[in-house]
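J.: So the protein lines, in turn, are chains C and R.
Adding 210 to a residue's 1-based position in the first sequence gives its number in my numbering.
Adding 210 to a residue's 1-based position in the second sequence gives its number in my numbering.
Quick reminder that beta carbons are idealized off the backbone N, C-alpha and C, glycines included.
Keep in mind that this is a model prediction, so the values were computed, not measured.
2 protein chains.
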Amino acid sequence: MQKFDPHASAQALVNFIQASIPLAHTMGIELGRYDGDSLVLGCPLAPNVNDKGCAFGGSLTSLMTLAGWGVVELALRQRGEDCDVYVGESTVRYLEPVWSDFQAEARLAEGADWATFFSTLSARNRARIAVRCQVPGENGKPAATLEAQFVAKRRVAAAE
Amino acid sequence: MQKFDPHASAQALVNFIQASIPLAHTMGIELGRYDGDSLVLGCPLAPNVNDKGCAFGGSLTSLMTLAGWGVVELALRQRGEDCDVYVGESTVRYLEPVWSDFQAEARLAEGADWATFFSTLSARNRARIAVRCQVPGENGKPAATLEAQFVAKRRVAAAE
Numbered sequence: 211m212q213k214f215d216p217h218a219s220a221q222a223l224v225n226f227i228q229a230s231i232p233l234a235h236t237m238g239i240e241l242g243r244y245d246g247d248s249l250v251l252g253c254p255l256a257p258n259v260n261d262k263g264c265a266f267g268g269s270l271t272s273l274m275t276l277a278g279w280g281v282v283e284l285a286l287r288q289r290g291e292d293c294d295v296y297v298g299e300s301t302v303r304y305l306e307p308v309w310s311d312f313q314a315e316a317r318l319a320e321g322a323d324w325a326t327f328f329s330t331l332s333a334r335n336r337a338r339i340a341v342r343c344q345v346p347g348e349n350g351k352p353a354a355t356l357e358a359q360f361v362a363k364r365r366v367a368a369a370e
Numbered sequence: 211m212q213k214f215d216p217h218a219s220a221q222a223l224v225n226f227i228q229a230s231i232p233l234a235h236t237m238g239i240e241l242g243r244y245d246g247d248s249l250v251l252g253c254p255l256a257p258n259v260n261d262k263g264c265a266f267g268g269s270l271t272s273l274m275t276l277a278g279w280g281v282v283e284l285a286l287r288q289r290g291e292d293c294d295v296y297v298g299e300s301t302v303r304y305l306e307p308v309w310s311d312f313q314a315e316a317r318l319a320e321g322a323d324w325a326t327f328f329s330t331l332s333a334r335n336r337a338r339i340a341v342r343c344q345v346p347g348e349n350g351k352p353a354a355t356l357e358a359q360f361v362a363k364r365r366v367a368a369a370e
């Protein structure tokens, strides 16, 4: 089995996102970094502005949701799991307007752990996990945050 | 003072959204209907698909957020108020995948009322109000819902 390369795997995922989600392509989503634990995606401001010239709330939420989705997708790929991953319930807080290019950083929510997620997936062919994301703002404070549940369903099991 | 024409006012707002928010233009957002109470916006599926071929969560949330924002913006315009309207905290539930063109319908949340909102705006030059939106799904059930707080700030007051 090949050694898992977090950055290459994340870059492949971003390429996949760009190719298969037209809105992500329009947003200009790029990989920031991935260390096997947290995933950072970035966007230029220009295609993501609102009527006030700052970042459109829909773009902030889309980027945070994709970063959260990416964290789950990458953990699954690392373990050779072939799943569809869906976002479930999300809570978004828009705290400050964003006036420049922006990033979203996603990682597991407090209290969530991969061991429970993967043991549930093994037992039931589906499992859910909570992820938290933030768009860093000025002075170290987040400009927006998202907490979301993601559900993974094994593809093979679903087709049986 | 001209009589307020809900449909013409909503169409002007959708034109404004299309012209000033690039992502809304890409999404192909169109006016469904507006009766002075609820606002319906629609999107074709094609520019809004995800990797699974159903509607991208970011598109569902963007459309619901814009419909909610529009309800507040139109109520302000009807009363001649010149405000910036920002989305605050939002809770989104993705309940069913959406496999076709979709709409989002927005109206005030239960317990929210315009009278309180406008009296607060008069007193403080800013006010917040809760809006609920849904993307109708099959069999009369929603495919996605959003509850969001919107904050309106008077432009003149802000510039003083």
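What does the Cβ neighbour count give for Phe312 (chain C), buried or exposed, with the cut at 16 atoms within 10 Å?
T.: buried
J.: What number of angstroms, rounded off, separates the C-alpha of Glu370 (chain R) from the C-alpha of Arg336 (chain R)?
T.: The predicted position of Glu370 (chain R) is uncertain, since its pLDDT is 49 and thus under 50; a value taken from the coordinates is nonetheless stated next. Rounded to the nearest angstrom, the two C-alpha atoms are 14 Å apart.
J.: In whole angstroms, what separates the C-alpha of Ala354 (chain C) from that of Ala218 (chain R)?
T.: It is roughly 34 Å from the alpha-carbon of Ala354 (chain C) to the alpha-carbon of Ala218 (chain R).
J.: Identify, in the order they occur along the chain, each residue of the same chain with its Cβ nearer than 6 Å to the Cβ of Gln288 (chain R), setting aside the five sequence neighbours on each side.
T.: Phe214
J.: Would you list the one or two residues that DSSP bridges to Gly252 (chain C)?
T.: C:Glu240 and C:Gln313
J.: Have a look at Leu331 (chain C) and Ala362 (chain C) and give me their C-alpha separation to the nearest angstrom.
T.: 8 Å
J.: Taking C-alpha atoms, which residue in C:Asp261, C:Val295 and C:Asp247 lies nearest to Gly263 (chain R)?
T.: C:Val295
J.: By how many angstroms is the C-alpha of Gly347 (chain R) removed from the C-alpha of Pro254 (chain R)?
T.: 15 Å
J.: Any heavy atom of the ligand NAP closer than 6 Å to the Cβ of Leu356 (chain C)?
T.: Because no ligand of any kind appears in the structure shown, any question about the ligand NAP cannot be addressed here.
J.: Would you identify the three-state DSSP class for Arg289 (chain R), choosing helix, strand or coil?
T.: In the structure shown, Arg289 (chain R) sits in coil (DSSP, three-state: anything other than H, G, I, E or B).
J.: Apart from the five residues on each side of it in sequence, which residues of its chain come closer than 6 Å, Cβ to Cβ, to Gly280 (chain R)?
T.: Leu223 and Leu249
J.: Relative to chain C, which residues along the region 297 to 327 of chain R have a C-beta separation below 8 Å, given in chain order?
T.: Val297, Gly298, Glu299, Ser300, Thr301, Val302, Arg303, Tyr304 and Pro307
J.: Any beta carbon from chain R within less than 7 Å of Phe360 (chain C)'s own beta carbon?
T.: Between Phe360 (chain C) and chain R, the shortest Cβ-Cβ separation is not below 7 Å.
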